[in-house]
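See below for the structure under consideration.
2 protein chains.
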Amino acid sequence: MATSNIEIAQQAELWPITRIAQGLGIPDEELEPYGRFKAKVSLRHLRTLQDKPRGRLVLMTAVSPTPAGEGKTTTTVGLGDALTRIGERAMICLREPALGPVFGMKGGAAGGGYAQVVPMEDINLHFTGDFSAIAIATNLLAALIDNHVHHGNALGIDVRRVTWRRVLDVNDRALRDAVIGLGGPSNGYPREDGFDIVVASEVMAIFCLATDLADLKERLGEIVVAYTRDRAPIRARDLHAHGAMAAILRDALAPNLVQTLEHTPAFVHGGPFANIAHGCNSYLATDSALRMADYVVTEAGFGADLGAEKFVDILCRTTGLRPDVAVVVATVRAMKFHGGVEVQGLPHENVAALEQGTANLLRHLKTLRETWGIPTVVAINHRAEDTDAETAALAAAAQSVGVTAVVAKHFSEGGAGAEDLAREVVRLCEERAAQPDDEGALRFTYPDDATLWRKMSAIATRIYGASEITASTAVRAQIKRLQDEGYGGYPVCVAKTQYSFSTDPKLRGAPTGHVVDIREVRLAAGARFVVMICGDIMTMPGLPVTPAANSIDVDDDGRIVGLF
Amino acid sequence: MATSNIEIAQQAELWPITRIAQGLGIPDEELEPYGRFKAKVSLRHLRTLQDKPRGRLVLMTAVSPTPAGEGKTTTTVGLGDALTRIGERAMICLREPALGPVFGMKGGAAGGGYAQVVPMEDINLHFTGDFSAIAIATNLLAALIDNHVHHGNALGIDVRRVTWRRVLDVNDRALRDAVIGLGGPSNGYPREDGFDIVVASEVMAIFCLATDLADLKERLGEIVVAYTRDRAPIRARDLHAHGAMAAILRDALAPNLVQTLEHTPAFVHGGPFANIAHGCNSYLATDSALRMADYVVTEAGFGADLGAEKFVDILCRTTGLRPDVAVVVATVRAMKFHGGVEVQGLPHENVAALEQGTANLLRHLKTLRETWGIPTVVAINHRAEDTDAETAALAAAAQSVGVTAVVAKHFSEGGAGAEDLAREVVRLCEERAAQPDDEGALRFTYPDDATLWRKMSAIATRIYGASEITASTAVRAQIKRLQDEGYGGYPVCVAKTQYSFSTDPKLRGAPTGHVVDIREVRLAAGARFVVMICGDIMTMPGLPVTPAANSIDVDDDGRIVGLF
Numbered sequence: 001m002a003t004s005n006i007e008i009a010q011q012a013e014l015w016p017i018t019r020i021a022q023g024l025g026i027p028d029e030e031l032e033p034y035g036r037f038k039a040k041v042s043l044r045h046l047r048t049l050q051d052k053p054r055g056r057l058v059l060m061t062a063v064s065p066t067p068a069g070e071g072k073t074t075t076t077v078g079l080g081d082a083l084t085r086i087g088e089r090a091m092i093c094l095r096e097p098a099l100g101p102v103f104g105m106k107g108g109a110a111g112g113g114y115a116q117v118v119p120m121e122d123i124n125l126h127f128t129g130d131f132s133a134i135a136i137a138t139n140l141l142a143a144l145i146d147n148h149v150h151h152g153n154a155l156g157i158d159v160r161r162v163t164w165r166r167v168l169d170v171n172d173r174a175l176r177d178a179v180i181g182l183g184g185p186s187n188g189y190p191r192e193d194g195f196d197i198v199v200a201s202e203v204m205a206i207f208c209l210a211t212d213l214a215d216l217k218e219r220l221g222e223i224v225v226a227y228t229r230d231r232a233p234i235r236a237r238d239l240h241a242h243g244a245m246a247a248i249l250r251d252a253l254a255p256n257l258v259q260t261l262e263h264t265p266a267f268v269h270g271g272p273f274a275n276i277a278h279g280c281n282s283y284l285a286t287d288s289a290l291r292m293a294d295y296v297v298t299e300a301g302f303g304a305d306l307g308a309e310k311f312v313d314i315l316c317r318t319t320g321l322r323p324d325v326a327v328v329v330a331t332v333r334a335m336k337f338h339g340g341v342e343v344q345g346l347p348h349e350n351v352a353a354l355e356q357g358t359a360n361l362l363r364h365l366k367t368l369r370e371t372w373g374i375p376t377v378v379a380i381n382h383r384a385e386d387t388d389a390e391t392a393a394l395a396a397a398a399q400s401v402g403v404t405a406v407v408a409k410h411f412s413e414g415g416a417g418a419e420d421l422a423r424e425v426v427r428l429c430e431e432r433a434a435q436p437d438d439e440g441a442l443r444f445t446y447p448d449d450a451t452l453w454r455k456m457s458a459i460a461t462r463i464y465g466a467s468e469i470t471a472s473t474a475v476r477a478q479i480k481r482l483q484d485e486g487y488g489g490y491p492v493c494v495a496k497t498q499y500s501f502s503t504d505p506k507l508r509g510a511p512t513g514h515v516v517d518i519r520e521v522r523l524a525a526g527a528r529f530v531v532m533i534c535g536d537i538m539t540m541p542g543l544p545v546t547p548a549a550n551s552i553d554v555d556d557d558g559r560i561v562g563l564f
Numbered sequence: 001m002a003t004s005n006i007e008i009a010q011q012a013e014l015w016p017i018t019r020i021a022q023g024l025g026i027p028d029e030e031l032e033p034y035g036r037f038k039a040k041v042s043l044r045h046l047r048t049l050q051d052k053p054r055g056r057l058v059l060m061t062a063v064s065p066t067p068a069g070e071g072k073t074t075t076t077v078g079l080g081d082a083l084t085r086i087g088e089r090a091m092i093c094l095r096e097p098a099l100g101p102v103f104g105m106k107g108g109a110a111g112g113g114y115a116q117v118v119p120m121e122d123i124n125l126h127f128t129g130d131f132s133a134i135a136i137a138t139n140l141l142a143a144l145i146d147n148h149v150h151h152g153n154a155l156g157i158d159v160r161r162v163t164w165r166r167v168l169d170v171n172d173r174a175l176r177d178a179v180i181g182l183g184g185p186s187n188g189y190p191r192e193d194g195f196d197i198v199v200a201s202e203v204m205a206i207f208c209l210a211t212d213l214a215d216l217k218e219r220l221g222e223i224v225v226a227y228t229r230d231r232a233p234i235r236a237r238d239l240h241a242h243g244a245m246a247a248i249l250r251d252a253l254a255p256n257l258v259q260t261l262e263h264t265p266a267f268v269h270g271g272p273f274a275n276i277a278h279g280c281n282s283y284l285a286t287d288s289a290l291r292m293a294d295y296v297v298t299e300a301g302f303g304a305d306l307g308a309e310k311f312v313d314i315l316c317r318t319t320g321l322r323p324d325v326a327v328v329v330a331t332v333r334a335m336k337f338h339g340g341v342e343v344q345g346l347p348h349e350n351v352a353a354l355e356q357g358t359a360n361l362l363r364h365l366k367t368l369r370e371t372w373g374i375p376t377v378v379a380i381n382h383r384a385e386d387t388d389a390e391t392a393a394l395a396a397a398a399q400s401v402g403v404t405a406v407v408a409k410h411f412s413e414g415g416a417g418a419e420d421l422a423r424e425v426v427r428l429c430e431e432r433a434a435q436p437d438d439e440g441a442l443r444f445t446y447p448d449d450a451t452l453w454r455k456m457s458a459i460a461t462r463i464y465g466a467s468e469i470t471a472s473t474a475v476r477a478q479i480k481r482l483q484d485e486g487y488g489g490y491p492v493c494v495a496k497t498q499y500s501f502s503t504d505p506k507l508r509g510a511p512t513g514h515v516v517d518i519r520e521v522r523l524a525a526g527a528r529f530v531v532m533i534c535g536d537i538m539t540m541p542g543l544p545v546t547p548a549a550n551s552i553d554v555d556d557d558g559r560i561v562g563l564f
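Chains as they are written, first to last, in full-length UniProt numbering: chain A, 1 to 564; chain B, 1 to 564.
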């Protein structure tokens with residue numbers, strides 16, 4: 001491409017954020033500007049919106065992605081702009097980019113091409129400081145644990161059973177496993193520890209699930225940070241940590257308002273991992289947007305088996321959010337990848353491989369429509385090298401199960417390139433609105449009162465196509481203990497590879513009959529879900545041989561360069 | 001006291017920050033608001049001020065403090081407000097509070113009583129995110145070091161000789177000494193490491209010395225982070241880290257504008273340690289303030305032997321800043337403390353002890369006036385329990401060397417309580433302005449071209465009253481090597497206890513004939529000074545038995561409570 005993302009973004013003419021806010025009916029005094037093009041909307045204002053009805057919610061999800069990603073964020077921006085173009089009052093909600101990946105391999109995470117949120121450099125680089133506040137809250141809690149042990153350990157914390165980890169917003173493999181507290185008595189008790197990236201912190205998950213400041217503080221207090229020798233849980237509340245943590249997070253909890261290149265209002269707020277957490281932007285952003293706009297597009301992490309499943313079974317279950325329509329982003333490249341073609345090298349037309357790979361798409365469509373009951377459209381996120389025959393074959397596969405697939409060219413054309421997609425979204429919403437209420441009800445993968453084991457089993461068999469789930473005796477005992485201790489009512493949050501329905505990243509397409517082994521179980525008592533880890537999950541990434549940081553720079557006039 | 005700091009602050013009627021900015025002639029488009037009461041002033045605007053003459057600079061310093069502190073920040077605020085009240089165009093410049101101490105022992109650091117900068121909760125809690133940006137830049141550089149070693153170590157970094165430490169803005173003793181890189185080959189090479197508090201990062205010192213973005217980046221590139229087996233330095237530039245670090249810091253580098261309770265404009269920006277760094281707010285804040293106001297009050301850390309010495313010998317030497325007058329904050333309590341009275345328990349009148357303790361004050365006055373040539377006034381920061389006899393004795397001691405001492409009651413009365421102090425400051429400035437130029441020239445403690453050893457010796461003998469300096473053979477060799485490697489032209493930055501002129505915190509008053517032993521030397525190549533560590537210096541504090549975090553909280557309406 002001739003023009004890079006950052007060049008397009010820097011050439012854009014932004015509207016003052018006050019103008020964007022006025023369009024949403026946000027009074028000046030409820031807007032907390034951060035510079036001229038970013039602002040937080042006060043929590044006080046969000047409370048006043050609670051009487052207003054929610055608009056229509058569009059869930060952006062995807063097929064099982066290739067390592068390059070299929071463009072959910074870009075399509076979210078493009079669809080938002082297209083909805084605006086065809087005359088709808090639309091907003092979008094996105095996750096905040098983590099700095100670690102920005103300086104590692106990934107580059108920016110604010111869309112791409114002519115479908116971006118701006119100012120993209122700010123959004124990618126420290127933004128309004130939310131992630132730093134989350135990191136400080138997380139690390140303060142960690143310091144309070146070790147400090148408590150140091151000063152006599154009245155609570156009887158077993159330093160071998162501290163589960164709370166510190167975090168940084170930097171990809172730093174050297175911090176994955178460490179021994180801390182060395183250097184003698186004045187430095188506390190030595191123990192094994194490690195750091196995660198900030199998006200993996202339970203505080204991030206809590207931040208994105210909280211319905212208000214009081215709920216945030218309550219959940220922070222419930223976090224289980226360690227156990228005694230008798231395996232009694234120690235909570236953040238026992239350390240009197242939750243009040244100070246909530247105080248640090250107070251300002252961050254207000255959603256960040258920015259705009260797309262075409263001035264569609266966008267909330268960019270929160271960003272939990274989609275494996276060990278639920279992977280969606282903050283509830284407060286999505287709920288508030290729904291009360292200010294008629295259409296709100298929000299994205300869930302990874303493919304529909306991970307992000308959309310958690311959106312439905314964790315977020316919707318606990319908050320009452322209901323998607324009116326789902327958009328599944330599919331690319332010709334990903335379909336060929338699932339049909340056995342590698343992504344390296346020059347792309348060649350390969351309709352046969354693509355047709356084989358659409359099995360992956362069809363499995364996701366079945367889940368969305370039949371399991372959960374969500375009307376669905378496929379967005380073919382167009383790339384220049386796609387041939388007409390490939391695009392047609394992809395569309396035909398969707399059509400074979402009664403789903404419309406629309407080619408979307410927002411990356412190169414902006415919102416104008418996604419108008420067909422926007423019209424199909426509106427049509428599906430209208431169609432659904434005409435249905436009797438109970439036909440449009442969202443169905444969950446499992447009922448609240450199923451046991452944790454049955455919940456996991458339901459996800460594995462119904463969503464992943466697995467034949468069964470397994471676990472070691474130790475893990476089974478752990479699950480049983482959580483069930484006995486009263487956490488059986490929590491939803492399950494599965495951490496597994498995003499590249500396959502199975503736990504083997506190499507098993508492409510739509511595998512069946514595979515076995516899902518639960519390797520580890522973690523309680524997220526404040527987020528109120530139980531994490532089941534199935535496969536290798538990295539909670540602290542490393543930097544590559546040539547990190548993106550090497551080419552990111554700022555010139556003497558303050559212009560950021562080298563950010564993609 | 002009946003009303004706490006936070007209660008006074010929360011009852012204050014703040015002006016919109018745009019109004020404060022208008023009063024300073026800052027155009028709307030050059031103001032980057034952070035909410036309604038905080039803003040950053042664009043670097044672009046600061047450049048336009050360079051043609052304007054600097055106003056008068058007032059350096060706020062203090063006697064050797066008691067552990068409770070003598071109120072430099074409070075007196076800076078009070079004097080700023082008093083100058084405004086008597087009709088001068090005044091601004092103040094302060095350091096940003098570090099979060100670690102706020103949650104530890106110290107509570108807030110935004111002044112106190114009726115002499116505060118506001119919004120005090122915001123200033124104390126995460127503010128505009130500057131410290132987080134500095135932490136991320138510091139930690140990114142650390143990750144790039146270990147990543148380079150992991151991916152083949154082309155530069156030949158000796159992992160035993162990595163000098164760059166990670167930082168957090170949390171008091172966390174367990175991180176002082178750690179072993180990282182454990183867990184096998186995919187996590188890098190194990191090595192000893194440790195974390196400092198963010199204010200101890202060399203990035204913080206650089207941030208506060210930088211004259212613009214280009215200078216910041218240049219200095220970041222010069223940081224020496226490690227050595228090879230042959231002791232060749234590895235710089236941040238060798239790791240291509242400085243561009244990305246500068247990009248992270250771009251927004252942070254613009255000074256933060258807030259106001260006092262009485263609406264005097266205040267820059268609160270940067271905050272390096274006053275032991276291993278120079279301990280003054282950012283140069284950019286002070287210089288810009290001087291070009292917008294006729295009087296600018298800025299504070300230096302700890303007592304005049306540490307903070308003011310570095311202000312003169314590091315900051316003024318390298319930037320051309322020149323204090324027109326110095327204010328030495330002294331309290332009856334501190335003078336009695338230096339006279340042998342303990343600060344615990346109920347205070348009793350003790351004029352004899354106080355008179356003995358004034359030796360400490362007189363030593364500082366001598367340094368300021370005779371060594372450096374700065375006109376000086378003493379501010380007696382009044383406390384309710386001070387008796388008239390004590391105050392009079394303190395004033396008489398100052399008067400005995402020809403210095404006026406003024407009782408200042410800004411803590412309880414706001415700016416009105418410091419008008420006498422303001423008038424004396426103006427009088428001294430007028431007196432100085434009437435002198436021929438060369439009589440008003442600032443003198444340094446040592447010339448640029450003295451050796452590092454002689455510089456340290458000059459500080460110890462001329463400022464601390466020591467008889468000599470000593471060092472182990474290893475430290476002497478290290479100093480010689482730095483001298484030979486071309487760092488001899490850098491100023492020396494002494495890290496020692498703030499409680500005594502000597503290196504023994506228990507040696508009160510004005511000791512002479514003591515020996516200053518240099519225990520360790522560190523090169524701060526990007527900050528361009530050589531740190532000489534004389535005594536136990538803690539670069540990562542711990543939390544106390546009952547941390548302040550335990551009582552800090554936020555109510556459901558977002559009001560912060562329990563912050564002092």
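Every residue gets a Cβ at the ideal spot worked out from N, C-alpha and C, and that includes glycine.
Quick caveat, the model's predicted, so the values are computed rather than measured.
Query: Determine the direct distance from the alpha carbon of Val475 (chain B) to that of Arg522 (chain B), and round the result to whole angstroms.; Result: 10 Å
Query: What residues in the region 15–33 of chain A bring their beta carbon closer than 7 Å to a beta carbon of chain B?; Result: Glu32, Pro33
Query: Do Leu543 (chain B) and Leu144 (chain A) have their C-beta atoms closer together than 9 Å?; Result: yes
Query: Where does Ala9 (chain B) sit, in a helix, a strand or coil, going by DSSP?; Result: helix
Query: Sorted by chain position, which residues of the same chain lie with C-beta nearer than 7 Å to Gly562 (chain B)'s C-beta, five sequence neighbours on each side aside?; Result: Ser551, Ile552, Asp553
Query: Can you tell me whether DSSP reads Asn256 (chain B) as helix, strand or coil?; Result: strand
Query: Does Thr84 (chain A) pass the burial test, meaning 16 or more other C-beta atoms within 10 Å, or should it be called exposed?; Result: buried
Query: Can you look up Val77 (chain B) in the DSSP assignment and give me helix, strand or coil?; Result: helix
Query: Distance cutoff 9 Å, beta carbons only. Does Met1 (chain A) sit that close to anything in chain B?; Result: Model confidence at Met1 (chain A) stands at a pLDDT of 46, short of 50, so the residue's coordinates are unreliable; what they give is reported in the following sentence. By this cut-off, Met1 (chain A) is not an interface position.
Query: Could you check whether the region 435–452 of chain A touches the region 468–488 of chain A, counting it as contact only if at least three pairs of C-beta atoms, one from each stretch, sit closer than 8 Å?; Result: yes
Query: For a contact meaning CB atoms closer than 8 Å, what does Ile552 (chain A) contact in chain B?; Result: Gly243, Ala244, Ala247
Query: If Val41 (chain A) sits next to Pro255 (chain A), beta carbons under 8 Å apart, how far is it from one beta carbon to the other, in whole angstroms?; Result: 6 Å
Query: Rounded to a whole number of angstroms, what is the C-alpha to C-alpha distance between Gln11 (chain B) and Asn171 (chain B)?; Result: 30 Å
Query: Taking the CB atoms as reference points, tell me whether Cys93 (chain B) and Thr286 (chain B) lie closer together than 9 Å.; Result: yes
Query: Per DSSP, which residues does residue 599 (chain A) bridge with? Please list them.; Result: Residue 599 (chain A) lies beyond the residue range present for chain A, which begins at 1 and ends at 564; the question has no answer from this structure.
Query: Would you say Asp437 (chain A) faces chain B, with C-beta separation under 9 Å as the test?; Result: no
Query: Measure the alpha-carbon distance for Phe302 (chain A) versus Phe311 (chain A) and round it to whole angstroms.; Result: 11 Å
Query: If you pair each beta-carbon of the region 459–471 of chain B with each one of the region 407–419 of chain B, do three or more pairs fall below 8 Å?; Result: no
Query: Could you tell me the alpha carbon to alpha carbon distance between Val325 (chain A) and Val199 (chain B), rounded to whole angstroms?; Result: 49 Å
Query: May I ask you to list, following chain order, the residues of the region 170–194 of chain B that have a beta carbon less than 9 Å from some beta carbon of chain C?; Result: Structure shown: chain C not included; protein chains present are A and B.
Query: Quick one: is Ser132 (chain B) near chain A, going by C-beta distance under 9 Å?; Result: yes
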